[in-house]
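Working notes, structure below.
In the working numbering, the protein residues as written are 367 to 597.
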């Protein structure tokens with residue numbers, strides 16, 4: 367009985383250690399379970415000294431028939447094997463879960479600049495919107511501690527509405543996305559941008575800029591500075 371208790375306790379502790387973190391259950395629960403099992407071990411030893419497990423149930427040691435004792439030993443062997451199989455199953459389950467959920471953590475100071483939408487009447491101004499995006503990327507790349515995804519990687523998301531932003535962030539491995547739009551009216555441009563924390567699904571910052579075409583050359587650096595401050 368004591369051997370079965372030890373094996374069952376070990377299997378339970380190992381199984382809990384693997385499974386409970388998957389459900390975000392604190393390690394305190396595991397520690398209390400282990401303490402309870404340790405406190406119960408002397409009781410199991412005492413019961414094992416006085417009683418024996420037989421096919422007829424638990425009986426006193428002196429009342430056990432020798433043949434029944436042998437049969438009880440087999441039952442105990444099967445019970446231990448069963449408990450070990452359960453323990454191995456729980457361990458494998460925990461390993462698979464941790465492996466599927468593990469991976470390189472996404473750094474907080476990481477960003478992808480999505481292609482800017484062109485809201486101008488002249489569709490040829492899409493090249494201008496791409497230029498704005500490219501210049502912002504170049505300015506952000508100058509910030510050493512900031513991880514910036516390349517332009518070629520983000521061009522597949524020219525239509526952000528086709529993918530949830532959280533999914534885009536996960537696919538690109540970034541914590542933040544910058545999206546925006548450009549509208550050109552004569553010699554003036556209007557740029558709307560918003561910075562989104564895709565891990566927490568919240569807007570960090572948004573702004574609107576209106577410049578003459580001649581003054582727009584310094585806009586990209588201004589945007590990069592404000593984005594870096596927000597991150």
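Cβ coordinates follow ideal geometry from the N, Cα and C atoms, glycine included.
Option in the options with minimal Cα separation from residue i
i	options	result
residue 566	532, 574, 555, 537	532
residue 529	480, 486, 595, 550	480
residue 478	562, 494, 491, 553	562
residue 474	575, 540, 482	540
residue 555	536, 571, 521, 575	575
residue 524	506, 505, 495, 510	495
residue 527	585, 559, 505, 483	483
Separation of residue j from residue i, as counted between CA atoms
i	j	result
residue 545	residue 580	23 Å
residue 517	residue 502	10 Å
residue 466	residue 548	Its pLDDT being 43, under 50, residue 466 is placed unreliably in this model, and the value from its coordinates should be taken loosely. In a straight line, the C-alpha of residue 466 is about 40 Å away from that of residue 548.
residue 492	residue 508	25 Å
residue 595	residue 538	22 Å
residue 571	residue 402	51 Å
residue 550	residue 487	8 Å
residue 519	residue 553	31 Å
residue 569	residue 472	18 Å
residue 485	residue 560	16 Å
residue 468	residue 513	Caution is warranted here: a pLDDT of 44 is assigned to residue 468, below 50, making its placement in the model unreliable, and the coordinate value is therefore given only provisionally. Approximately 21 Å, taken between the alpha carbons.
residue 504	residue 511	14 Å
residue 489	residue 498	15 Å
residue 558	residue 584	15 Å
Unbroken beta strand (DSSP E) run spanning residue i, endpoints
i	result
residue 546	542 to 551
residue 576	568 to 578
residue 492	Here residue 492 belongs to no beta strand (DSSP E); instead the alpha helix (DSSP H) covers 492 to 507.
residue 562	554 to 563
residue 476	476 to 479
Close beta carbons around residue i, own chain, < 8 Å, minus the five adjacent residues each side
i	result
residue 564	531, 532, 534, 535, 536, 540, 541, 542, 543
residue 500	517
residue 592	571, 573
residue 515	476, 477, 478, 479, 538, 539, 540
Host alpha helix (DSSP H) of residue i (start-end)
i	result
residue 531	531 to 538
residue 520	517 to 520
Same chain, Cβ closer than 6 Å to residue i, neighbours up to 5 away in sequence not counted
i	result
residue 589	502
residue 464	Residue placement at residue 464 cannot be trusted, given a pLDDT of 48 that sits under 50; what the coordinates show is reported in the next sentence. Here the set comprises nothing.
Contacts around residue i, its chain only, beta-carbon distance under 7 Å, and the 5 residues preceding and following it disregarded
i	result
residue 578	553, 554
residue 521	481
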